[in-house]
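Chemist: Residue numbers (the UniProt record's numbering): 1 to 61.
We put the beta carbon where it would ideally sit given N, CA and C, even for glycine.
Take this structure, written in C-alpha cells, and hold onto it; I'll ask about it next.
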C-alpha cells in the first residue's frame, strides 16, 4: 500500500486528528444545546477575540 503523505501512517493519522479538534471537543456534554455551544460557539468566540486583537494591533501600526 503506497504512502500518500510521505510519512509514517501514524503521523498522518495524528495530523488528521489535529485538524478535526476544532469541531469536536474531547469531553462529552450531555445536552445537545450545550454540545453545540461548546463545539462551535467557544472556538468561534476565541477566533473572534483573536481577530479583534490582531485588527487593533494592525490599526495602531
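Note down the Cα distance separating residue 51 from residue 57, rounded to an integer number of angstroms.
Modeler: Distance between the alpha carbons of residue 51 and residue 57: 10 angstroms.
Chemist: The alpha helix (DSSP H) with residue 54 in it runs from where to where?
Modeler: Residue 54 -> alpha helix (DSSP H) spans 42-60.
Chemist: Only counting the same chain, and skipping five residues up and downstream in sequence, which positions put a Cβ closer than 8 angstroms to that of residue 55?
Modeler: Once the five neighbours on either side are set aside, residue 55 has no close Cβ partner at all.
Chemist: Is the CB of residue 41 under 7 angstroms away from at least one CB in chain C?
Modeler: Among the chains of the structure shown, chain C does not appear; only one protein chain is present.
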